[in-house]
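Novice:
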Amino acid sequence: MKTRFWILLPGIMLVLAVTLLSWKDIQKGPSIPEDVNTILSNSCYGCHSTGARAEDAVKALDFKKWDEYKATKKVSLFNEIHEVLEEGKMPPEKFLNKNPDKAPSAEDKEKIMKWTKEETAKLME
Amino acid sequence: MRKVYAILGFTLLVLILIQFFRPEKNLGDIDTHDDFIQVSQVPDTLARIFLNSCYDCHSNYTKYPWYASIAPVSWYLNKHIVEGKAHLNFSSWGIIDKAKKISLLDNICEECSDGVMPLKSYLLIHHHAALSPQEIAAICEWAEKEAMEIMKSE
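If you read the protein sequences in the order shown, they are chains V and S. Position 25 of the first sequence, counting from 1, maps to 35 under our numbering, and the rest follow consecutively. Position 96 of the second sequence, counting from 1, maps to 97 under our numbering, and the rest follow consecutively.
Encoded structure:
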């Protein structure tokens with residue numbers, strides 16, 4: 011019985027560690043507001059998050075790593091998100107042709123653009 | 002043989018005719034008070050790099066080589082200058098808003114690091130414009146610092 015416990019110990023510790031780590035994540039909460047996150051996950055995360063096949067897109071902007079970006083990088087990305095939405099460059103036409111359901115509505119775009127402006131203002135304070 | 006002459010003659014005629022279509026040259030003032038190097042007080046060593054490697058397409062003043070006046074080369078260069086200035090014009094740095102400046106500084110570092118800029122076609126002729134890894138590192142380090150400064154400024 012005793013030996014079996016010692017064999018199991020590393021496993022138990024691992025489970026504990028993983029739980030604790032993910033608990034920390036849960037506690038921290040998302041830095042992106044829920045309504046914005048819904049739009050982003052529908053229209054953007056497909057290419058702009060770790061693990062997506064579009065390597066260049068992930069490199070340019072990875073929403074999964076959002077919290078790791080420096081403040082200046084965030085300002086830079088907010089600025090670009092605003093720009094590509096305003097100019098209609100993102101999501102790309104090719105992508106929308108294949109996935110018409112992923113097109114953000116005009117209202118969605120407005121919401122994201124407003125969010126980028128507000129967050130930029132906060133960061134620049 | 003007559004056919005060859007006809008083709009040669011025709012090509013020559015086209016080459017002569019296209020010379021009449023000249024894009025306007027990018028020859029504004031070198032010094033303006035909105036210039037990047039002045040506004041952001043770029044250190045001399047870096048200023049030289051920017052002037053040497055970037056300003057031909059990213060400012061209001063291009064140092065044209067002699068063949069730049071000849072079409073279709075002139076059209077090709079003009080296209081790059083117009084596009085370059087649309088993305089980033091160092092001559093009007095002073096009037097760009099703060100967030101956009103931070104974004105541009107970030108992109109300057111990124112594009113140089115990724116080898117996107119200076120353009121390969123530009124380097125083909127301007128060997129001296131190529132950036133060494135040390136120069137790129139210096140640009141990035143300074144750009145990051147400047148971005149932070151702009152962020153903190155009122």
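Beta carbons: idealized from backbone N, C-alpha and C, even for Gly. Here the structure is a predicted model, which means the values were calculated and not measured.
(1) With distances taken between CB atoms, is the gap from E90 of chain V to S104 of chain S smaller than 8 Å?
(2) Just reading off the alpha helix (DSSP H) that E78 of chain V is part of, what are its end residues?
(3) Report the three-state DSSP secondary structure of L89 of chain S (helix, strand or coil).
(4) For I122 of chain V, count neighbouring C-beta atoms within 10 Å of its own C-beta (all shown protein chains included) and say buried if the count is 16 or more, exposed if not.
(5) Taking the straight line between their C-alpha atoms, what separation do you get for K132 of chain V and P114 of chain V?
(6) Taking CB distances under 8 Å as the criterion, tell me whether E90 of chain V reaches chain S.
(7) Which residue comes first and which comes last in the alpha helix (DSSP H) that contains K127 of chain V?
(8) Please name the residues in the segment 83-113 of chain V whose beta-carbon is closer than 9 Å to at least one beta-carbon of chain S, in chain order.
(9) Using CA atoms only, rank isn't needed, just tell me which of V:K112, V:T13, V:W76, V:A62 is closest to I42 of chain V.
(10) Please name the residue or residues paired with L87 of chain V in a DSSP beta bridge.
(11) Output yes if chain S places a C-beta closer than 8 Å to the C-beta of M134 of chain V; else output no.
(12) Report buried or exposed for A27 of chain V, applying the criterion of at least 16 other Cβ atoms within 10 angstroms of its Cβ.
(13) Considering only residues of the same chain and omitting the five flanking positions on each side of G39 of chain V, which have a CB-CB separation below 7 Å?
Specialist: Taking the definition as stated:
(1) Yes, these two residues count as a Cβ contact at 8 Å.
(2) Run containing E78 of chain V: none; DSSP gives neither H nor E here.
(3) DSSP places L89 of chain S in coil when its eight states are reduced to three.
(4) Buried, because 16 or more other Cβ atoms sit within 10 Å of the Cβ of I122 of chain V.
(5) Straight-line spacing of the CA atoms in K132 of chain V and P114 of chain V works out to 25 Å.
(6) Chain S, which has a Cβ nearer than 8 Å to the Cβ of E90 of chain V, makes this yes.
(7) 116-134 is the extent of the alpha helix (DSSP H) around K127 of chain V.
(8) Result list: K83, V85, S86, L87, F88, N89, E90, H92, E93.
(9) Nearest C-alpha to I42 of chain V: V:W76.
(10) Paired residue(s): none; L87 of chain V is not in a bridge.
(11) In terms of beta-carbon proximity, M134 of chain V lines the interface with chain S, with at least one pair separated by less than 8 Å.
(12) Taking a 10 Å sphere around the C-beta of A27 of chain V, we find fewer than 16 other C-beta atoms and assign the residue as exposed.
(13) With a pLDDT of only 43 at G39 of chain V, under 50, the local geometry of the prediction cannot be trusted, and the value read off the model is given with reservation. Excluding sequence neighbours, G39 of chain V sits near nothing in its chain.
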